[in-house]
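Scroll down for the structure; my scribbles are underneath it.
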Amino acid sequence: METETSVPSPENPSPTRRQFVINAAGVTAATALGAYTAFSGAPRRARKGRTPVRLWHLLSAEWLEPVERAVARFNESQSRYDIVPLLLTGSEADSKLLLSVAGGDPPDVMLAWTQGTSVWGEGGLLQPLDRFMTPEEKKTFLTEAYPVVSKSGWHKGHLYGITMGFDLFTCYYRTDHFREAGLDPDRFPTTLEELVAVGDKLNRFDSSGKITRLGFLPQTFSHYVASFGGGFYDENTHQVTLNTPENLRALEFLVETRKRLGLQEVIRFQSGLASDSGASWPFISGTYSVTLDGEWRVEQLRRYAPHLEYRTVPLPPPKGGKSLASFSDINYLLIPTGARQPDGAWEFIKFWTGLDNQERAAEFFPWYGWMPLFPRSAQAPVYDRWLKTVPPYRTFLRVAESRNIVTTPPVPYQLYLRDRIERADDLAMRGTLTPRQALEQLEADIAQERDRRRKLGYEE
Amino acid sequence: MKKQWVGYAFISPWILGFLAFTLYPFLASLYFSFTRYDVVSPPHWVGAANYRMLFTADPLFWKALSVTFRYAACAVPLGLLAGVGLALLLNLNLRGIGLFRTIFYLPSIVPTVATSVIFLWILNPEIGLVNGLLRNFGVVGPAWLEDKAWAPWSLVLMSLWGVGGSMVIYLAGLKDIPTHLYEAAIIDGANSFQRLRHITLPMLTPVIFFNVVMGVISAFQYFTEAYVMTQGGPEDSTLFYALYLFQRAWRYLDMGYASAMAWILFLVVMVLTVLIFRTQRRWVHYGD
């Protein structure tokens, strides 16, 4: 059998050699690209002579720069620790923290969005922060912080997360829409029932009867329970409270209001709205006239719609309900189990939250448009100067003083509970179940979950 | 003997990877399924309690299983019909057929997350492409992903978007059918339907068999689209088994319980695969 072979020569290198050169160049380029990709996104190293303290956070986009400024302030303020921040994406953060703790290499401190500090605390994922506190710091925290701050993050007598930014919800309303509908923007309704009636006047429909502008539609069950005097947890008995007359009244009110517009019509209207974030918020485009939303919108409105005519007021209570009531979602600063520099992490937490100096920390919060932890921070000149540029924000500070604020209950199955509450809300809002049935099913679901956990040996 | 060791040495990276990242987690999860385990604390032996609780005290487990079974029962046959149908069309000897093959194959290589985000818009009841087209014919389209009755079917329909992957395999199977069989059939006077019924489909059955097995396995592992698009809603109508397993493991820190769920899933898929294998003697023709 004949075979063809090529004869290599210096002028005509063999295909094998040529191929080798091409491959080597390819591998070199790929390695360089890989190294660039890997190291360009890597956190910077700590400064020489300082102990690195690794901070994981989720604050991207407009919030990234303020975080880095706060970190720089801390690093300048002392010479022992160097905070090294690392931005995570929201979807991967929780599982990344879990795996890092399991793998023995967690960050020293993390700013998390989870509402599951009890789940994590119960699972041994977090270090109790109260152990780092001096008696004076603990006293300051418990007596001087806003009520929602001092009572959040606790589980079985230990503080597993300290608040760093908390959401409150108040009514935003468009004064131009009020005037256009012949309403006086200076006379905002004083009860929830009146507000719904005003909402009817602000609604707009097209020729086919489809909603084009929503005057006011109360939605999200958990955001309204507090104003009806309800909630999901009894702090005295430490019991979860679900199917209570107050909660039922809240859910019935929400469902009945929605029924007037048509359950399906509202679903369709809302699905057609643009994204709910930043400049795409439907309130800016005028698709909502009055809406219950969080404090971060104030800074966004200033940024994305500086000429928009709007005001904020606390949610008017229903007849017989509670004023200055709200739901609150909280960002927590955590020290994971196995953190190498928990002391450095705690120093940073104190600095950033203002636990060591409330006036000094006041400068950080306007950067993100966040609520400070302490009223004294809110009264600091630097914060007050910012407030003058965003007067609607003062409403949130008023609500922050209130004790009528509901948060996710601190039970070890709190994320399951939260998901089931949302489901009950969904079932009732879609008309699949009546509000009473939805709450009964919610209570049965949770009882079953508790029973399941008990049988598996989990602590209550 | 020496040659054998050299061979093992060459494949040792794969063997090590398999042992460390597949076999060990596989066996460890079996152990964890008999424990109460949250990843951080040491596992605590609870015997068969996780399995008992799943079968007797967890309605969401049954809900997730039923959602997944229904999806598999619809998406796999539909994918099969669409895949074979497209392959038959793209097997025609037409001008520019290569371009069509490329076009139909392209969607299957688009990342699932990107596809899901696009379909969120396509299926939007108000501003979506599908309902927009239906409106032109005076039809008010359903709320798709917003409606518990339509959401699972939306995902079944969406699964056809990636049918190009199996289509290419069917196409390869069609190209492999000896032409002399068709020539003989034509001489015997068989029309095109008879050729399809008695030559093409029987000769394609090994490929169909392969795609059915793979389709069933992937249908029971359905996760990404539901995670991105519906998060199990509305009203748990798209709470797929893998999604619920993920929630139990990573959201509720119930890793032992989730491991038990994973093993049940493994057994379900195993049983179904064995059943499909058992039936192959009746309908798969290997041309021997």
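Protein sequences appear in the order of chains A and B.
Numbering-wise, the numbering used here puts 724 at position 409 of the first sequence, and it's gapless, one number per residue.
Numbering-wise, the numbering used here puts 529 at position 18 of the second sequence, and it's gapless, one number per residue.
Yeah, the Cβ is synthetic: ideal placement off N, Cα and C, and Gly gets one too.
Secondary structure of residue i, DSSP reduced to three states
i	result
Met669 of chain B	helix
Thr779 of chain A	Since the first and last residues shown for chain A are 316 and 775, residue 779 of chain A lies out of range.
Trp371 of chain A	strand
Tyr647 of chain A	strand
Asp549 of chain B	coil
Gly718 of chain A	The question names Gly, yet the displayed sequence has Arg at residue 718 of chain A. In this structure, Arg718 of chain A counts as coil in the three-state DSSP scheme.
Asn327 of chain A	In this prediction, Asn327 of chain A scores a pLDDT of 48, lower than 50, which makes its location untrustworthy; no coordinate-derived value is stated.
Ser394 of chain A	coil
Ala654 of chain B	coil
Pro524 of chain B	helix
Val513 of chain A	helix
Arg519 of chain A	strand
Pro724 of chain A	coil
Pro663 of chain B	helix
Thr366 of chain A	strand
Trp428 of chain A	coil
Val399 of chain A	strand
Ser321 of chain A	Legend: pLDDT at Ser321 of chain A = 39, less than 50; position of this residue unreliable, no value from coordinates given.
His555 of chain B	strand
Leu441 of chain A	strand
Buried or exposed (CB count within 10 angstroms, at least 16 for buried), residue i
i	result
Asn327 of chain A	Caution applies to Asn327 of chain A, whose pLDDT of 48 falls short of 50 and renders its modelled position unreliable; the value that the coordinates give is listed next. It counts as exposed.
Pro325 of chain A	Bear in mind that the predicted position of Pro325 of chain A carries a pLDDT of just 44, short of 50, making it unreliable; the figure below should be weighed with that in mind. It is exposed - the Cβ of Pro325 of chain A has fewer than 16 other Cβ atoms within 10 Å.
Thr790 of chain B	exposed
Ile526 of chain A	buried
Phe731 of chain B	buried
Val628 of chain B	exposed
Arg612 of chain B	buried
His709 of chain B	exposed
Trp661 of chain A	buried
Glu624 of chain A	exposed
Tyr728 of chain A	buried
Gly744 of chain B	buried
Ser321 of chain A	Below a pLDDT of 50, predicted positions are generally treated as unreliable, and Ser321 of chain A, at 39, falls in that range; no measurement from the model is reported.
Asp420 of chain A	exposed
Gln758 of chain B	buried
Gln656 of chain A	buried
Lys634 of chain A	exposed
Met781 of chain B	exposed
Proximity below 7 Å, CB of residue i to CB of residue j
i	j	result
Gly675 of chain B	Tyr616 of chain B	yes
His470 of chain A	Ser433 of chain A	yes
Phe389 of chain A	Phe663 of chain A	yes
Ser791 of chain A	Val463 of chain A	No answer is possible for residue 791 of chain A: the residues shown for chain A start at 316 and end at 775.
Gly636 of chain A	Ser542 of chain A	yes
Tyr396 of chain A	Gly659 of chain A	yes
Ser665 of chain B	Leu634 of chain B	yes
Leu757 of chain A	Arg735 of chain A	yes
Ala496 of chain A	Leu517 of chain A	yes
Leu715 of chain B	Gly684 of chain B	yes
Gly594 of chain B	Tyr535 of chain B	no
Leu688 of chain A	Thr668 of chain A	yes
Ser600 of chain A	Glu637 of chain B	no
Ser467 of chain A	Thr722 of chain A	yes
Leu441 of chain A	Tyr475 of chain A	yes
Tyr548 of chain A	Ala565 of chain A	no
Leu712 of chain A	Pro631 of chain A	no
Leu756 of chain B	Ala737 of chain B	no
8 Å contact criterion, which residue i and residue j should meet: CB distance rounded
i	j	result
Leu403 of chain A	Lys411 of chain A	6 Å
Ser604 of chain A	His492 of chain A	4 Å
Leu730 of chain A	Arg793 of chain B	With a Cβ gap of about 48 Å, Leu730 of chain A and Arg793 of chain B do not count as contacting.
Ala662 of chain B	Thr735 of chain B	Ala662 of chain B to Thr735 of chain B, Cβ: 16 Å. No contact.
Tyr683 of chain A	Thr478 of chain A	Not a contact, Cβ separation roughly 13 Å.
Ala427 of chain A	Val551 of chain B	That pair is no contact at about 15 Å.
Ala743 of chain A	Ala753 of chain A	4 Å
Val697 of chain A	Glu678 of chain A	5 Å
Thr579 of chain B	Tyr797 of chain B	Contact flag wrong, Cβ pair sits at about 31 Å.
The ligand MG heavy atom lying under 6 Å from the CB of residue i
i	result
Glu567 of chain A	With respect to the ligand MG, the structure shown offers nothing to examine, as it has no ligands at all.
Tell me the start and end of each unbroken alpha helix (DSSP H) in the stretch 711-752 of chain B that is at least 4 residues and wholly inside, in chain order. 712-731, 735-740
At 4 residues or longer, and completely inside the stretch 568-624 of chain B: list those alpha helix (DSSP H) runs for me, N to C. 570-601, 608-616
Return the chain-ordered ranges of every alpha helix (DSSP H) run that is complete within the stretch 451-482 of chain A and spans a minimum of 4 residues. 462-466
At 3 residues or longer, and completely inside the stretch 526-593 of chain A: list those beta strand (DSSP E) runs for me, N to C. 526-528
Could you give the uninterrupted runs of the beta strand (DSSP E) lying entirely in the stretch 596-676 of chain A, keeping only those of 3 residues or more? 605-609, 625-628, 645-649
Which residue spans inside the stretch 686-712 of chain A form an unbroken alpha helix (DSSP H) run of at least 4? 690-694, 696-704
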